[in-house]
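Residue 17 is where the sequence shown starts when you use the numbering used here, and the numbers rise one by one after that. Here a beta-carbon is modelled for each residue, glycine too, at the ideal position from N, C-alpha and C.
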Amino acid sequence: MKHKVKTQIAATFIGLMLIALLAIGMINVFFLENYYISQKTEVLKTAYSELEDFDVYGENISDSLSVTSSENNLSWIVTNSTNSEAKYCGQEREKKQLISSLFGYQTGLEHNNSSDIIEENELYIIQKSRDKFAGMDYVELWGTLENGNSCLIRSPLESIRESVDISNQFLIPVGIVIALCSAFVILFLTNRLTKPICELTEISQRMAALDFNAKYNCRGNKNEIDLLGENFNSMSEQLETTITELKRANLELERDIADKIKIDEMRKEFLNNVSHELKTPIALIQGYAEGLKDNINEDDPESREFYCDVIIDEAGKMNRMVKQLLNLNQLESGQDSVMVEHFDITALVRGVVEKLNILIQQKEANVEIEGEKSLYVWADEFKIEEVVTNFFTNALNHLEGEKRIQIRISRQGKQARVSVFNTGTPIPEEDIDNIWKKFYKVDKARTREYGGSGIGLSIVKAIMESHHQAYGVKNYNNGVEFWFELNCE
17 MKHKVKTQIA ATFIGLMLIA LLAIGMINVF FLENYYISQK TEVLKTAYSE
67 LEDFDVYGEN ISDSLSVTSS ENNLSWIVTN STNSEAKYCG QEREKKQLIS
117 SLFGYQTGLE HNNSSDIIEE NELYIIQKSR DKFAGMDYVE LWGTLENGNS
167 CLIRSPLESI RESVDISNQF LIPVGIVIAL CSAFVILFLT NRLTKPICEL
217 TEISQRMAAL DFNAKYNCRG NKNEIDLLGE NFNSMSEQLE TTITELKRAN
267 LELERDIADK IKIDEMRKEF LNNVSHELKT PIALIQGYAE GLKDNINEDD
317 PESREFYCDV IIDEAGKMNR MVKQLLNLNQ LESGQDSVMV EHFDITALVR
367 GVVEKLNILI QQKEANVEIE GEKSLYVWAD EFKIEEVVTN FFTNALNHLE
417 GEKRIQIRIS RQGKQARVSV FNTGTPIPEE DIDNIWKKFY KVDKARTREY
467 GGSGIGLSIV KAIMESHHQA YGVKNYNNGV EFWFELNCE
């Protein structure tokens with residue numbers, strides 16, 4: 017910081033103090049003497065009034081006049097107008113000077129060019145003069161009293177001038193000491209005063225950098241600075257809360273944007289996949305239908321029947337795929353709610369196997385069901401049947417080698433686990449995480465051969481996630497196992 021508040025305050029107070037000391041010195045030099053003369057003028061007038069009652073022929077001076085003369089360093093002389101009998105107060109050596117000066121003023125022999133008249137009236141003159149014989153300056157009053165006597169009262173100026181010199185000589189070292197002590201005191205006080213201000217400055221800088229952990233510690237003075245610190249703490253908390261809410265809203269907005277982008281990408285991918293899947297059956301249906309229309313095989317009933325079978329088969333595949341897509345869309349959008357029931361999962365598995373018995377015979381598969389003879393679970397029976405059907409048909413379509421399918425039903429604590437194993441080629445590791453995606457096919461040629469659309473496992477995923485249950489796949493050297501779990505208690 018180029019100009020600290022502490023430095024500015026200290027410099028201001030020290031400067032004011034030095035100016036005050038300098039002003040005192042200048043006033044002593046240029047104005048103290050004039051002030052002293054004005055005060056002495058009043059003293060001379062007071063002494064003049066007291067001399068009105070003074071009896072020249074009396075032997076003693078009144079107490080009040082004596083005190084006034086002593087306290088104000090006055091010398092005076094009073095002379096009788098008839099015989100010039102004199103009465104004086106002062107040192108003996110001053111008597112002749114006083115008489116001579118009074119006589120000179122009265123007769124005009126004493127020249128007043130060296131005198132500065134301060135005040136004048138019919139009875140007296142107050143002036144500032146210099147006594148050439150004594151070599152000193154005086155403030156003096158001379159004139160005639162109302163009783164007819166003459167008087168001269170004066171006070172030397174040398175004492176005040178000496179006092180001014182002594183005062184200035186004293187003020188210089190004392191002023192330096194006072195200035196140094198005051199500087200230390202002012203620096204201490206300004207440091208104590210500006211410390212909380214510096215702390216608030218640091219807190220404001222940290223707040224500007226979005227660091228709201230800094231708090232002002234109130235010192236218990238309950239002054240404006242403590243109040244400002246409490247307001248800083250309150251503002252810091254409110255800013256932290258506001259910025260936290262803004263960040264949370266920003267994260268939610270980013271999440272919404274990411275979801276929108278993801279949905280758009282999924283929509284594009286979905287359209288591309290649907291277009292790709294429908295392209296072949298539509299082309300076959302169109303080609304064979306055009307052949308029938310053009311009577312290409314009108315003389316060959318078997319070929320015509322083959323054309324019709326292809327059209328029916330491809331239309332059936334399209335119909336199944338559309339139904340699967342509609343079913344998957346309902347599951348993923350949450351429109352198809354889960355109806356939880358209590359049913360025997362073993363009986364359900366056996367029912368699916370019996371229903372697909374004709375496919376088992378066509379594939380010449382050896383199906384084994386092991387495990388619990390009866391195991392009740394909590395789930396949507398219709399949807400779980402679809403899961404078992406997908407797993408089982410998937411096993412039949414990928415059956416190789418020993419052509420063995422093994423279904424295990426077991427209880428593991430509070431969970432029932434159903435697994436479907438088939439002998440065949442294991443799934444490549446790089447495809448394991450992708451098989452649950454829509455339209456994903458590990459072996460596209462083989463999938464096309466049995467009419468698969470790549471949607472079955474996506475439906476399984478949607479059903480199991482709607483039940484909040486685990487599912488998965490595991491590779492073996494001689495085959496693949498798909499499994500899922502359900503609550504049995």
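Buried versus exposed, by CB contacts within 10 Å (16 or more), residue i
| i | result |
| --- | --- |
| Ser65 | exposed |
| Val94 | buried |
| Leu173 | buried |
| Asn406 | buried |
| Pro212 | buried |
| Arg462 | Reliability of the predicted coordinates at Arg462 is poor, the pLDDT of 44 falling under 50, and the value obtained from them is presented with this limitation in mind. Exposed, by the Cβ-count rule. |
| Val393 | buried |
| Ser390 | exposed |
| Gln143 | buried |
| Ile475 | buried |
| Gly159 | buried |
| Ser435 | buried |
| Phe47 | exposed |
| Asn165 | buried |
| His484 | exposed |
| His358 | exposed |
| Lys477 | buried |
| Gly472 | buried |
| Met480 | buried |
| Tyr492 | exposed |
| Val83 | exposed |
| Gly31 | exposed |
| Cys197 | exposed |
| Arg264 | exposed |
| Tyr51 | exposed |
| Val155 | buried |
| Cys324 | exposed |
| Asp272 | exposed |
Distance between beta carbons of residue j and residue i, contact taken as under 8 Å
| i | j | result |
| --- | --- | --- |
| Asn438 | Ala411 | 4 Å |
| Ala432 | Leu502 | 5 Å |
| Thr362 | Glu401 | Not really, about 13 Å apart at Cβ, beyond 8 Å. |
| Lys231 | Asn249 | 5 Å |
| Leu90 | Leu168 | With 8 Å as the limit, Leu90 and Leu168 do not qualify as a contact, their Cβ atoms being about 11 Å apart. |
| Val403 | Ile448 | With a Cβ gap of about 19 Å, Val403 and Ile448 do not count as contacting. |
| Ile301 | Ile327 | 5 Å |
| Val496 | Ile443 | 6 Å |
| Glu380 | Lys419 | 6 Å |
| Ala26 | Ile202 | 5 Å |
| Leu161 | Leu67 | 6 Å |
| Ile385 | Val369 | 7 Å |
First and last residue of the uninterrupted alpha helix (DSSP H) at residue i
| i | result |
| --- | --- |
| Val369 | Ile361 to Lys371 |
| Leu124 | One point to set straight first is that residue 124 is Gly, not Leu, in the sequence displayed. From DSSP, Gly124 is part of no alpha helix (DSSP H); its letter is neither H nor E. |
| Lys148 | Run containing Lys148: none; DSSP gives neither H nor E here. |
| Asp79 | Asp79 to Glu87 |
| Gln55 | Leu48 to Leu67 |
| Glu481 | Gly472 to Ser482 |
Endpoints, beta strand (DSSP E) assigned at residue i
| i | result |
| --- | --- |
| Leu415 | Here Leu415 belongs to no beta strand (DSSP E), and DSSP marks it neither H nor E. |
For residue i: DSSP bridge partner residues
| i | result |
| --- | --- |
| Pro172 | Tyr154 |
| Ile423 | Ile385 and Val436 |
| Trp394 | His358 and Asn503 |
| Ile133 | Gln143 |
| Asn491 | Val496 |
| Gly159 | Tyr140 and Cys167 |
| Gln431 | Gln428 and Asn503 |
Residue i: CB within 7 Å of a non-hydrogen atom of the ligand SAH
| i | result |
| --- | --- |
| Asp396 | Among the ligands in the structure shown, none appear at all, so the ligand SAH cannot be discussed. |
Within-8 Å CB hit, residue i to chain B
| i | result |
| --- | --- |
| Arg424 | As a matter of chain content, chain B is missing from the structure shown, which is built from one protein chain. |
In the segment 193-272, which residue ranges form an unbroken alpha helix (DSSP H) of at least 4 residues, counting only runs that do not cross its ends?
-> none
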